[in-house]
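Numbering (this note's numbering), first residue to last: 81 to 216.
Quick reminder that beta carbons are idealized off the backbone N, C-alpha and C, glycines included.
Here the structure is a predicted model, which means the values were calculated and not measured.
Reviewing the structure listed below.
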């Protein structure tokens, strides 16, 4: 009987260890945006469950972190049910941010977003960003 008790104890220890490793792994991969959000100086609880419109953030905010998050949130309108006008507007915003934005994090976010576009105009925007990289 002592042998089965030791077996259960060892199994329980392994289960606790694996659960701890799993939770730690989940905490370290992909939750950086969550951590940045809750430790922000202007944190609002509603930001956890309600994402702001990225176009409104880009129009109204000067906060680099918020702008970078909004730039990353922009998706290609034509692939997501938008119009050609929406596509052109988003491409113009991302091109301007990738080439002229004074904050490097925002430029990087715009370049990252452009990299997901399948529109050939995004390639030209990325080329412009590359050649304007020295204008910080």
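Task: Separation of residue 140 from residue 175, as counted between CA atoms - done: 18 angstroms
Open item on the list: Check this for me: beta carbons of residue 185 and residue 148, under 9 angstroms apart or not?
Closed with: yes
- [ ] Output yes or no for whether 9 angstroms exceeds the beta carbon distance between residue 209 and residue 179.
- [x] Yes, Cβ-Cβ distance for residue 209 and residue 179 is below 9 angstroms.
- [ ] Look at the Cβ atom of residue 177, then the Cβ atom of residue 187, and state whether they are nearer than 9 angstroms.
- [x] yes
Task: Secondary structure of residue 89, DSSP reduced to three states - done: For residue 89, the secondary structure class from DSSP, reduced to helix, strand or coil, is helix.
TODO: Drop a sphere of 10 angstroms on the beta-carbon of residue 99, count the other beta-carbons inside from all chains shown, and report buried for 16 or more, exposed for fewer.
DONE: Residue environment analysis places residue 99 among the exposed positions, since fewer than 16 neighbouring C-beta atoms fall within 10 angstroms of its C-beta.
Open item on the list: Can you tell me where the alpha helix (DSSP H) holding residue 200 begins and where it ends?
Closed with: 200-211
Open item on the list: Report the CB separation of residue 146 from residue 136 in whole angstroms; it is logged as a contact under 8 angstroms.
Closed with: Wrong, their Cβ atoms sit about 10 angstroms apart, outside the cutoff.
TODO: For residue 195, name the three-state secondary structure that DSSP assigns.
DONE: helix
Task: 7 angstroms CB neighbourhood of residue 192 in its chain, flanking five on each side removed - done: The answer, listed in chain order, is 152.
Task: Classification of residue 97 by the beta-carbon crowding that lies within 10 angstroms, buried from 16 upward - done: By the 10 Å Cβ count, residue 97 comes out exposed.
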